[in-house]
Amino acid sequence: MSPKKKKKVLVVGDLNVDIIGTGLQAFPVLGRETTTKEMRLSLGSSSAILSCGLAKLGVPVTLISKIGKDDFGKYCLQALKANKVKSDNILQDSKLNTGLKVSLNFRNDKAEVTYPGASPHLRYKDIPQKVVRSQDHLHVSSFFMQTDLISFFPKLFQDARRTGMTTSLDPNSDNRNQWNAGIWNCLEFVDILMLNEMEAINITRAKSVNRALELFAQKVPMVVIKLGVKGAVAKSRGQVVQLPAFKVKTIDSTGAGDSFDAGFLFSFLNEFDLRKSLNVANACGALSTRDMGGTTMQGTLKDIQKLIRSRR
Ligand SMILES: Nc1ncnc2c1ncn2[C@@H]1O[C@H](COP(=O)(O)OP(=O)(O)O)[C@@H](O)[C@H]1O
Ligand SMILES: [Mg+2]
């Protein structure tokens, strides 16, 4: 499973810190105070978690995002460096604050509050063409959140395609619940679309996951819909593959979908078939849930192989 040739990936998207609490005594209620067993600061955001996941698998990754010139921004840069993600092109704006997400895990669910901060202020002109041209693959995360970039995404994908790059997109959720239809203008320039069940249904307005998969597959060569603890389903060149999730001792599922994406992209860059790609991605998603935060327990190639072998 070792990479053939090291293809370089450029990730464009969000960047923030996460504060994650687990083991809440009671769910927060206005006017009351409650305690939690654990509360930790960790590197957050779909783009950063995916980038770290790819780097852990030996893929050279450059991340372009916008943060503030503040302590949380500094924390993001240090964490990316520790995870071997190139951050030279991350912009720090002293007039803006770094984004922050507070995530409280309670029973088998979580409540999240997101402060997007500087992330949505990344502009098309902040992405140097020279950097785009030097990469092999472009991945865009958190489409709906990138308000200053959203109308430029088709152009960005086209730029990448023109230079011979392959492309992928994980739109993630639309917190304003608008599901901007502009996303369809991007899809013709996207090679891989990865998203979860709720996002797929909201974007297509389809009645079922299978129908959403079909609708996307009419536009995109490779579509992957993540089904949480049920695993994932994918369609490519008329072939549909559905595989269950791996069973692990889950502590926190923050960023599981982003680690999943890292596994799927790694597989795509190494030309694995659809079944193997989905298996690797499911393994990466599951492995990442073994600790709090998105990046602390992301899988290495060895971890992935061991988990996949354990199911045979
Ligand atoms: N509790 C879990 N146990 C094992 N695997 C999980 C668990 N939660 C998520 N995963 C894996 O991570 C993938 C992505 O999770 P999901 O929640 O569907 O995506 P997203 O984080 O984008 O919403 C799933 O398809 C699955 O493979
Ligand atoms: Mg997601």
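Just so we're on the same page, the numbering used here is the position in the sequence shown counted from 1, plus 2. Glycine residues also receive a C-beta, built at the ideal position from the N, C-alpha and C atoms. The model shown is predicted, which means the values in this text are computed figures rather than measured ones.
Check                                                                                                                                                                                   : Outcome
In or out: residue 246 buried (at least 16 other Cβ within 10 Å) or exposed?                                                                                                            : exposed
Just the residues with CB closer than 5 Å to a heavy atom of ligand 2, in chain order, which are they?                                                                                  : 174 and 259
So, residue 189 versus residue 242, is the Cβ gap smaller than 7 Å?                                                                                                                     : no
Between the C-alpha atoms of residue 283 and residue 213, what's the straight-line distance to the nearest angstrom?                                                                    : 22 Å
Could you check whether the region 107-114 touches the region 143-152, counting it as contact only if at least three pairs of C-beta atoms, one from each stretch, sit closer than 8 Å? : no
If we count the other Cβ atoms within 10 Å of its Cβ and call it buried at 16 or more, is residue 61 buried or exposed?                                                                 : buried
Is residue 262 close to ligand 1? I mean its beta-carbon at under 6 Å from any heavy atom of the ligand.                                                                                : yes
Output the distance between the C-alpha atoms of residue 91 and residue 65, rounded to the nearest integer angstrom.                                                                    : 7 Å
Can you tell which of 235, 231, 230 and 229 has its C-alpha closest to the C-alpha of residue 219?                                                                                      : 235
Can you tell me whether residue 300 is helix, strand or coil according to DSSP?                                                                                                         : coil
Less than 6 Å between the CB of residue 198 and some heavy atom of ligand 3, yes or no?                                                                                                 : Ligand 3 is absent from the structure shown, which contains only ligand 1 and ligand 2.
Closest by CA to residue 207, which one among 224, 273 and 180?                                                                                                                         : 180
When the Cα atoms are used, what is the spatial distance from residue 25 to residue 256?                                                                                                : 15 Å
How many angstroms separate the CA atom of residue 209 from the CA atom of residue 216?                                                                                                 : 12 Å
Would you call the region 258-268 and the region 283-294 in contact, with 3 or more CB pairs under 8 Å?                                                                                 : yes
Taking its Cβ as the centre, do 16 or more other Cβ atoms sit within 10 Å of residue 300, making it buried, or is it exposed?                                                           : buried
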